[in-house]
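Counted the way the numbering used here counts, the sequence shown spans residues 160 to 310. Cβ atoms here follow ideal geometry from the backbone N, Cα and C, with glycine treated the same way.
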Amino acid sequence: MDTQNFKGTHWSARKTGPIYIVSIKDQSSIVEALTDFVKSQNIQAGEITGIGAVSEATLRFFKPSDKKYVDKTFHEQMEMTNISGNVSEIDGKPMLHMHITLGREDYTALAGHLLDAKIRGAGEFIFYPLDTRVVKVKNEEVGINFYDFEK
Ligand code: FE
């Protein structure tokens with residue numbers, strides 16, 4: 160199968176068939192690096208998985224009762240035991256939606272919606288692009304972005 164290598168400021172990647180292996184550089188922001196990656200490859204939809212390690216992470220918790228977000232940043236070295244996420248489009252821009260599970264030094268886990276995290280160590284991702292574009296629109300009643308397959 161055809162393979163091709165690509166490089167950005169904060170990432171490098173190998174494409175094999177339709178699938179990418181992506182490495183994010185030490186000390187880089189995951190969201191910044193992956194957003195740059197999807198833009199550079201013109202990926203409009205797909206699935207992402209990853210593992211690695213981070214030195215800080217900001218998680219977001221959504222409270223449906225008052226439509227409020229509560230953000231919390233953790234400044235410590237943690238194993239990124241899993242990232243699972245997807246790509247869609249909001250207002251014409253690529254949007255990454257990622258959830259993360261983090262392992263602390265005492266082997267307990269933190270988990271949640273990922274706002275951003277900084278790689279410290281490895282950042283290893285697999286990216287599965289889908290051959291479509293998919294749009295999300297904010298639902299004001301609920302307070303979050305939903306897929307709109309009519310768009
Ligand atoms: Fe989420």
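Cutoff 6 Å; reference residue i; Cβ partners in own chain excluding five residues on either side
i, result
"Leu289", "Ala204 and Gly205"
"Asn241", "Thr260"
"Ala270", "Thr260"
"Asn298", "Phe305"
"Phe233", "Ala216"
Close-in-space but distant-in-sequence residues of the same chain around residue i (CB under 8 Å, 5 per side omitted)
i, result
"Gly176", "Met160 and Asp161"
"Leu255", "Val190, Leu193, Thr194, Val197, Ile207, Gly244, Asn245 and Val246"
Residues sharing a beta bridge with residue i, DSSP
i, result
"Leu289", "According to DSSP, which records beta bridges pairwise, Leu289 is partnered with nothing at all."
"Met160", "None; Met160 has no bridge partner."
"Phe165", "Ala172"
**Request:** State whether the region 213-224 contacts the region 259-279, with contact taken as three or more CB pairs (one from each stretch) at a distance under 8 Å.
**Result:** The region 213-224 is in contact with the region 259-279.
**Asked** For the 8 Å Cβ check, are there 3 or more pairs between the region 223-242 and the region 171-187?
**Response** Touching, no, given that fewer than three Cβ pairs across the two stretches are closer than 8 Å.
**Asked** Could you give the uninterrupted runs of the alpha helix (DSSP H) lying entirely in the region 235-292, keeping only those of 4 residues or more?
**Response** Listed in chain order, there is nothing to give.
**Message:** Using only Cβ atoms and a threshold of 6 Å, which residues come within that distance of a heavy atom of the ligand FE? Order them by chain position.
**Reply:** The filter returns His256, His258 and His272, in chain order.
**Request:** Only counting runs of 4 or more residues, tell me where the alpha helix (DSSP H) segments fall wholly within the region 185-238, in order along the chain.
**Result:** Listed in chain order, they are 189-199.
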